[in-house]
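Undergrad: I am attaching a structure below and will ask some questions about it afterwards.
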Amino acid sequence: MKTLVAYFTIKGRTEEALEFYEECFNGKTTFVQRFSETPYQVSDIYKNKIAHAEFKAENIHFYISDGFEKEDVNYGNGIGMTINFDNPVEHKSVFEKLKVDGNITSDFFETTIETNLVCVLDKFGIHWYLNYIKV
Numbered sequence: 271m272k273t274l275v276a277y278f279t280i281k282g283r284t285e286e287a288l289e290f291y292e293e294c295f296n297g298k299t300t301f302v303q304r305f306s307e308t309p310y311q312v313s314d315i316y317k318n319k320i321a322h323a324e325f326k327a328e329n330i331h332f333y334i335s336d337g338f339e340k341e342d343v344n345y346g347n348g349i350g351m352t353i354n355f356d357n358p359v360e361h362k363s364v365f366e367k368l369k370v371d372g373n374i375t376s377d378f379f380e381t382t383i384e385t386n387l388v389c390v391l392d393k394f395g396i397h398w399y400l401n402y403i404k405v
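Following our numbering, the numbering of the sequence shown begins with 271 at its first residue and continues without gaps.
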């Protein structure tokens with residue numbers, strides 16, 4: 271069996287992002303490793319930054335990092351995360367949380383008779399496609 275797990279790089283703001291996603295998805299950070307705990311050579315300022323962390327919520331799992339100190343992160347629109355909901359209240363609740371300080375790229379609309387989609391670019395540059403599938 272194979273599993274695909276997303277890996278986000280949130281340059282310098284990973285700690286803040288983890289707190290935000292814990293609130294949005296009612297999840298938990300299950301692992302954190304700081305650069306000071308790795309063999310990577312970083313400045314004293316960067317030692318407390320997150321080299322690797324793991325986030326889990328119900329049916330949501332991803333890795334996240336502040337990235338390497340001297341590497342830039344280019345945020346783009348080539349990749350997005352889709353979450354399928356079977357509960358319209360949860361769909362709306364997650365949307366309301368993710369949109370804070372972010373941008374709604376596509377407001378709620380029916381893609382088919384069975385689905386309702388809303389798209390958000392969150393404040394950390396992650397694209398979220400929130401899809402409610404009417405059962």
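Heads up, the beta-carbon is just placed ideally off N, CA and C, and yes, glycines get one too.
Nearest-angstrom Cα distance between Ser335 and Glu328?
TA: For Ser335 and Glu328, the distance between alpha carbons rounds to 21 angstroms.
Undergrad: Between Glu339 and the rest of its own chain, which residues show a CB-CB distance below 7 angstroms, the 5 nearest in sequence each way excluded?
TA: Once the five neighbours on either side are set aside, the close Cβ partners of Glu339 are Val312, Ser313, Tyr316.
Undergrad: Can you round the beta-carbon distance between Thr279 and Val343 to whole angstroms, since I take them to be within the 8 angstroms contact cut?
TA: Yes, they are in contact, since the Cβ atoms of Thr279 and Val343 sit about 5 angstroms apart, within 8 angstroms.
Undergrad: Look at the alpha carbon of Lys298 and the alpha carbon of Glu292, and state the distance between them as a whole number of angstroms.
TA: Approximately 6 angstroms, taken between the alpha carbons.
Undergrad: Three Cβ pairs or more, each shorter than 8 angstroms: is that satisfied between the region 319-326 and the region 356-375?
TA: No contact exists between the region 319-326 and the region 356-375.
Undergrad: Indicate the three-state DSSP secondary structure (helix, strand or coil) for Phe379 in the structure shown.
TA: The answer is strand: DSSP assigns Phe379 an E or B state.
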